[in-house]
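Colleague: Just passing along the structure, written as structure tokens.
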Amino acid sequence: MLSIERLSKRYGDMEVLKEIHLTVGQGTTTIVIGPSGSGKSTLLSCINLLELPTEGAIRIGDRRLDFSEGSKPGQRAILSFRQQTGTVFQGNYLFPHMTALENVALGLIAVKRWNKADARAKAAALLDKVGLGACRDRYPHQLSGGQQQRVGIARAMSMEPKILLFDEPTSALDPELVGEVLEVMKQLTREGITLVVVTHEMEFASRVADQVVFMEQGAILDSGSPADIFGRPRHDRIRHFLNRLS
Ligand code: ADP
Ligand code: MG
Numbered sequence: 001m002l003s004i005e006r007l008s009k010r011y012g013d014m015e016v017l018k019e020i021h022l023t024v025g026q027g028t029t030t031i032v033i034g035p036s037g038s039g040k041s042t043l044l045s046c047i048n049l050l051e052l053p054t055e056g057a058i059r060i061g062d063r064r065l066d067f068s069e070g071s072k073p074g075q076r077a078i079l080s081f082r083q084q085t086g087t088v089f090q091g092n093y094l095f096p097h098m099t100a101l102e103n104v105a106l107g108l109i110a111v112k113r114w115n116k117a118d119a120r121a122k123a124a125a126l127l128d129k130v131g132l133g134a135c136r137d138r139y140p141h142q143l144s145g146g147q148q149q150r151v152g153i154a155r156a157m158s159m160e161p162k163i164l165l166f167d168e169p170t171s172a173l174d175p176e177l178v179g180e181v182l183e184v185m186k187q188l189t190r191e192g193i194t195l196v197v198v199t200h201e202m203e204f205a206s207r208v209a210d211q212v213v214f215m216e217q218g219a220i221l222d223s224g225s226p227a228d229i230f231g232r233p234r235h236d237r238i239r240h241f242l243n244r245l246s
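Written out as structure tokens, the structure reads:
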């Protein structure tokens, strides 16, 4: 589904991602962990092309974009490639003057040019799916942080992306609201949606991950099954990281 080949990202002189290789199978869940500043968010940003890689290539499905010297893709290729991904960020980026339903329907209307009735019907179905059917007419400030994140998930799914990306979706939430968001994500993993999730929720990670990727200083130090990475980590750095969290 997704493959990342020798991907590097530099900001000026600073190399933030160094020759990343990563393969994500269709319908699988990949959990990305690692210390703060290791490049996890930048990796997601290079997959959804909010940041452009400096080197390397990304393939989603049968489409491939090459960023190596002399073959920088154009703006149109970037925009259409970007539509293959949906992203849920740490904070919510809902529009405050729009209801939950309008937030979810917006992309379908503005980008996909759906008529309003169809877009609203699909948005309502997605809100039902994340357990928020009763909240569709509320504005973001009338929703809890956990509910806002679930609206964010419905919105990301509205465009039917091939891959859903999550960047620490529960980090900004009060502890009692984390579970409801993880529960919705767990449901997605059972539906065969392809997920790449940056999170510090290790118990969740060990339950749902098909693949765990540990990043450090812009590189993938190790990757494998949850049993490999959590159960018998091969690197001291990973052991220390996991010990600090537990
Ligand atoms: P993580 O998500 O793992 O905490 P990030 O991907 O946010 O790490 O950041 C990785 C490194 O890249 C950090 O050293 C950060 O300061 C740097 N960085 C991130 N975004 C930018 C940017 N826009 N300009 C310059 N440096 C950046
Ligand atoms: Mg980050």
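Residues 1 to 246 in UniProt numbering are what the sequence shown lists, from first letter to last.
We treat Cβ as the ideally placed atom computed from N, Cα and C, and that holds for glycine.
(1) Beta-carbon within less than 7 Å of residue 146's beta-carbon, same chain only, minus the 5 sequence neighbours each way: which residues are those?
(2) Give me the Cβ distance between residue 75 and residue 163, rounded to the nearest whole Å; I'm assuming they're in contact under 8 Å.
(3) Between residue 171 and the ligand ADP, is there a pair consisting of the residue's CB and a ligand heavy atom that are separated by less than 6 Å?
(4) Please name the residue in 21, 207, 34 whose C-alpha comes closest to that of residue 243.
(5) Below 8 Å on the Cβ atoms is my guess for residue 32 versus residue 198; work out the distance and round it to an integer in Å.
(6) Looking at C-alpha atoms only, which residue of 14, 43, 13 is the closest neighbour of residue 4?
(7) In terms of residues, what are the limits of the alpha helix (DSSP H) holding residue 123?
(8) DSSP three-state label for residue 111, please.
(9) Which residues bound the alpha helix (DSSP H) around residue 236?
(10) Cutting at 7 Å between CB atoms, please list the residues of its own chain near residue 17, excluding the five before and the five after it.
(11) In terms of residue numbering, what span does the beta strand (DSSP E) encompassing residue 86 cover?
(12) Smallest Cα separation from residue 82: which of 160, 239, 207, 205?
(13) Starting from the Cα of residue 167, find the closest Cα among 239, 211, 48, 187 and give me that residue.
(14) Under 8 Å by Cβ, that's how I've got residue 119 and residue 105 pegged, so tell me the actual separation to the nearest angstrom.
(15) Count the C-beta pairs between the stretch 136-146 and the stretch 92-112 that are closer than 8 Å, then say yes if the count reaches three, no if not.
(16) For residue 40, verify whether its CB is less than 6 Å away from any heavy atom of the ligand MG.
(17) Could you please give the first and the last residue of the uninterrupted alpha helix (DSSP H) stretch that includes residue 19?
(18) May I ask you to report which of helix, strand or coil DSSP gives residue 179?
(19) Quick one, which of 61, 194, 107 has its alpha-carbon nearest residue 28's?
(20) Can you tell me whether residue 37 sits near the ligand ADP, meaning its C-beta is under 6 Å from at least one heavy atom of the ligand?
(21) Just to check, is the beta-carbon of residue 11 closer than 6 Å to a non-hydrogen atom of the ligand ADP?
(22) Using only the heavy atoms of the ligand ADP, determine whether one of them is closer than 6 Å to the beta carbon of residue 88.
(23) Residue 77 and residue 66: beta carbons closer than 7 Å?
(24) For the candidate residues 36, 54, 222, whose alpha-carbon lies nearest to that of residue 12?
(25) Counting only runs that start and end within the stretch 173-233, where is the beta strand (DSSP E) found for 3 or more residues in a row?
(26) Determine the DSSP secondary structure at residue 39, reduced to helix, strand or coil.
(27) Among 144, 143, 129, which has the Cα closest to the Cα of residue 153?
Modeller: Reading from the atomic positions:
(1) 173, 177, 180, 181
(2) Residue 75 to residue 163, Cβ: 21 Å. No contact.
(3) no
(4) 34
(5) 5 Å
(6) 43
(7) 116-129
(8) coil
(9) 236-245
(10) 7, 8, 9, 39, 42, 43, 46, 218
(11) 85-88
(12) 160
(13) 48
(14) 4 Å
(15) yes
(16) yes
(17) Where residue 19 is concerned, there is no enclosing alpha helix (DSSP H), although the beta strand (DSSP E) it sits in stretches over 14-24.
(18) helix
(19) 194
(20) yes
(21) yes
(22) no
(23) no
(24) 54
(25) 194-198, 211-216, 219-224
(26) coil
(27) 129
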